[in-house]
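Once you know that position 92 of the sequence shown is 95 in our numbering, the rest is easy, because the numbers rise by one and skip nothing. One structure below.
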Amino acid sequence: MGKDRELPVPEYVIEVPHSPEECSIAAIEEATGNARLRTYRGCGSGTHTTWIIAELRAEEEAWDLVPQLLSDTARVVAVERAVPTRLRQQKEDS
Ligand SMILES: [Zn+2]
4 MGKDRELPVP
14 EYVIEVPHSP
24 EECSIAAIEE
34 ATGNARLRTY
44 RGCGSGTHTT
54 WIIAELRAEE
64 EAWDLVPQLL
74 SDTARVVAVE
84 RAVPTRLRQQ
94 KEDS
């Protein structure tokens, strides 16, 4: 393991589709208060889905954030940040 290379923190996208009646259940940001989460939702434009981008150690921690009532339709995807090749090379050169 290189000394100067930081291990990237695993990130997960949690996708929680829900009905208009379930908006309050899907308001995950209220339940967690966790600063390492970013929550987005499409409710305002009629797409009732909540997306959470979270830095977590394991996929199970992502599932822990999903309300039980909505877990049948939720999805958790481990993602990596896509950096434009141009910027990546600059970083490697410096
Ligand atoms: Zn909603």
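All C-beta atoms in this analysis are idealised placements derived from N, C-alpha and C, irrespective of residue type, glycine included.
Quiz prompt | Outcome for E84 when other beta-carbon atoms lying within 10 angstroms are tallied against a minimum of 16 | solution = Taking the first residue of the sequence shown as position 1, residue 84 is located at position 81. This sequence places Arg at residue 84; Glu is not what is there. So R84 counts as exposed.
Self-check item: Sequence-ordered residues whose beta carbon comes within less than 5 Å of a heavy atom of ligand 1
Solution: Here the residues come out as C26, C46, H51.
Quiz prompt | For I28, the three-state DSSP class (helix, strand or coil) | solution = Against the sequence shown, residue 28 aligns to sequence position 25. DSSP, read as helix, strand or coil, puts I28 in coil.
Quiz item: Under the rule that 16 or more other beta-carbon atoms within 10 Å means buried, what is H42, buried or exposed?
Solution: Numbered from 1 along the sequence shown, position 39 holds the residue referred to as residue 42. Going by the sequence as given, residue 42 is Thr instead of His. By the C-beta density criterion, T42 is buried, having at least 16 other C-beta atoms within 10 angstroms.
Quiz item: When burial is assigned at 16 or more other CB atoms within 10 Å of the CB, is L59 buried or exposed?
Solution: As a first step, residue 59 must be located in the sequence shown, where it is residue number 56. It counts as buried.
Exercise. Could you spell out where the alpha helix (DSSP H) holding A65 opens and where it closes?
Key: Counted from its first residue, the sequence shown places residue 65 at position 62. A65: member of the alpha helix (DSSP H) spanning 62-68, first to last residue.
Quiz item: Beta-carbon separation of L73 and I55 under 7 Å?
Solution: Numbered from its first residue, the sequence shown carries residue 73 at position 70. Numbered from its first residue, the sequence shown carries residue 55 at position 52. Remark: C-beta atoms of L73 and I55 do not approach each other more closely than 7 Å.
Quiz prompt | For L40, three-class secondary structure by DSSP | solution = If you number the sequence shown from 1, residue 40 lands on position 37. Strand at L40.
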